[in-house]
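Colleague:
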Amino acid sequence: MRTEDKNAQQNAPRAIARFVLECWKVNLASAMEYRLSFLLLAGMMFINNAIWLVFWGLFFNRFPVVQGWEFNDVMMLWAVSAGGFGWASILLGNFPRIASIVSSGQLDVYLTQPKPVLLNVLASRMSVTAIGDFIFGLVIYAVVGDHSLIGALSFALALLISGLLFIAVLVIAGSMAFFVGNAEGIAQQAFNSFVALTTYPSSIFKGVARVVLFTILPAGFISYLPIGLMRDFEPTFVCSCIGVTAFLSVTAYVFFYIGLRRYTSGNAIALRG
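Take 1 as the starting number for the sequence shown in my numbering and just add one per residue.
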């Protein structure tokens, strides 16, 4: 019996990896079922991001340097923000919807399955529009990024940090629904604010706004990556950024499962998704 338990524990990571891979396959197949819609949604998000960069280009055409930032830095900022949000929403696309899932009782369907609840929830959805975000990030890097090995690794690390921060912050905000009931408004405000703040150079914020940018809504750790990691490597910033990302990721995991103990079934009949 002990041998069987030991074998089961050893095979658990493989089983979870296979499960997540199957989720991604199903999500992609579902998205590709309507290919024209898929291409339009992803394409429109790509164009939307590009339009914002056009406005930034007009601004920097008149003011070439703002608080040490140049236009290429802002382009890489959008690449990191959009690319990080993109891969997170493609692979773990339910992270902005935690509050809605909890409040509406849709969590019941995940509790009946013998898989890690949080991972199951996150991996059960893919955002089609986020594919446009991710491609946009890669295209901008291809145009203005550092294509050396160090440059590519730095960009990959920036995307990883960006995506994990998006997931962690929004899982924490969404998990408020376990404690305050309907927290969809809180989660939506957190989502809108966090996304917006990651697209502006962190150096333009001063005083209290800057403190908030690196604490309550830690978008500054994303918006400063083009400078502190990719342009001028700053060891203190990079270490603190990795530390904050790890801390918030663990906090999101713990906070979700603490809240899960308080969850009361909504008795809702819902499909997984």
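A virtual CB, placed ideally from N, CA and C, is assigned to each residue, including glycine.
For the alpha helix (DSSP H) that V102 lies in, which residues bound it at each end?
Modeller: Note, V102: alpha helix (DSSP H), 98-103.
Colleague: Closest by CA to Y263, which one among S103, G83, N27, M32?
Modeller: Comparing Cα positions, the closest option is S103.
Colleague: Quick one: is Y34 buried, meaning 16 or more other Cβ sit within 10 Å of its Cβ, or exposed?
Modeller: Exposed, since its Cβ has fewer than 16 Cβ neighbours within 10 Å.
Colleague: Give me, in chain order, the residues of the same chain whose beta-carbon lies closer than 7 Å to that of V290; leave out the 5 immediate sequence neighbours on both sides.
Modeller: Past the edges of the chain, shown from 1 to 273, lies residue 290, and the structure says nothing about it.
Colleague: Considering D107, what are the terminal residues of the alpha helix (DSSP H) in which it resides?
Modeller: First, the residue type needs correcting, since residue 107 is Leu and not Asp in the sequence shown. Note, L107: premise wrong, no alpha helix (DSSP H); not H, not E.
Colleague: Between the beta-carbon of A123 and the beta-carbon of L92, is there less than 8 Å?
Modeller: Against a cut-off of 8 Å, the Cβ pair of L92 and A123 comes out as a contact.
Colleague: Anyone know if the C-beta pair for Q67 and I204 falls short of 8 Å?
Modeller: Yes.
Colleague: Just mark F166 as buried or exposed, buried being the case when its beta carbon has 16 or more other beta carbons within 10 Å.
Modeller: Buried, because 16 or more other Cβ atoms sit within 10 Å of the Cβ of F166.
Colleague: Hey, quick one: how far does the alpha helix (DSSP H) through S251 stretch, first residue to last?
Modeller: The identity of residue 251 in the sequence shown is Thr, whereas the question assumes Ser. Residues 235-260.
Colleague: Nearest CA to the CA of T215: which residue from F19, S240, N192?
Modeller: Closest by alpha carbon: S240.
Colleague: Can you name, in chain order, every residue of its own chain whose Cβ lies under 6 Å from the Cβ of A183, other than the five neighbours on each side?
Modeller: These residues qualify, in order along the chain: A99, M176, A177.
Colleague: Could you give the uninterrupted runs of the alpha helix (DSSP H) lying entirely in the region 140-208, keeping only those of 4 residues or more?
Modeller: Qualifying alpha helix (DSSP H) stretches, in chain order: 149-174, 177-180, 184-197.
Colleague: Since Y141 and A79 are thought to touch, with beta carbons under 8 Å apart, how far apart are those beta carbons, to the nearest angstrom?
Modeller: Right, the Cβ-Cβ distance comes to about 5 Å (below 8 Å), so this counts as a contact.
Colleague: What residues in its chain sit with their C-beta under 7 Å from that of S193, if we drop five residues either side in the sequence?
Modeller: Closer than 7 Å at Cβ, skipping near neighbours: L217.
Colleague: In three-state DSSP terms, what is I16?
Modeller: I16 falls in the helix class under three-state DSSP.
Colleague: Whole-angstrom Cβ separation of V250 and L119, contact assumed at under 8 Å?
Modeller: Wrong, their Cβ atoms sit about 14 Å apart, outside the cutoff.
Colleague: Output the boundary residues of the alpha helix (DSSP H) element that contains R125.
Modeller: R125 -> no alpha helix (DSSP H), and no H or E assigned at all.
Colleague: Check the DSSP bridge columns for W56 and list the partner residues they point to.
Modeller: For W56, which the question treats as bridged, DSSP gives no partner whatsoever.
Colleague: Could you pull out every residue in the same chain whose Cβ sits closer than 8 Å to the Cβ of Q10, ignoring the five residues on either side in sequence?
Modeller: Because Q10 sits at a pLDDT of 49, beneath the cut-off of 50, its placement in the model cannot be relied upon, and the following sentence gives the value as read from the coordinates. Nothing listed; no residue qualifies.
Colleague: Flag A88 as yes if its beta-carbon sits less than 8 Å from any beta-carbon of chain D, otherwise no.
Modeller: Within the model displayed, chain D is absent; a lone protein chain is all it includes.
Colleague: What is the residue span of the alpha helix (DSSP H) that W87 lies within?
Modeller: Where W87 is concerned, the enclosing alpha helix (DSSP H) stretches over 71-91.
Colleague: Let me check one thing: in DSSP terms, what residues is V66 bridge-paired to?
Modeller: The partner list for V66 (beta bridge, DSSP) reads W69.
Colleague: Have a look at A15, G57, S89 and flag the residue whose alpha-carbon is nearest the alpha-carbon of V195.
Modeller: Taking only the C-alpha atoms, the option nearest V195 is S89.
Colleague: For S81 versus I222, is the C-beta spacing smaller than 8 Å?
Modeller: It is a contact, given that the beta carbons lie within the stated cut-off.
Colleague: Short check: CB of S148 to CB of L225, under 8 Å?
Modeller: Not a contact, by the Cβ cut-off of 8 Å.
Colleague: Helix, strand or coil: which one does DSSP assign to D133?
Modeller: Looking at D133 - three-state DSSP - the assignment turns out to be helix.
Colleague: Alpha carbon to alpha carbon, how far is G185 from S37? Give it in angstroms, no decimals.
Modeller: Between S37 and G185, the C-alpha separation is close to 28 Å.
Colleague: By the 10 Å Cβ neighbour count, where 16 or more other Cβ atoms means buried, how is A15 classified, buried or exposed?
Modeller: It is exposed - the Cβ of A15 has fewer than 16 other Cβ atoms within 10 Å.
Colleague: Pick out whichever of V121, F46, F134, L248 has its Cα sitting closest to the Cα of G345.
Modeller: Outside the shown range of the chain (1 to 273) lies residue 345, about which nothing can therefore be said.
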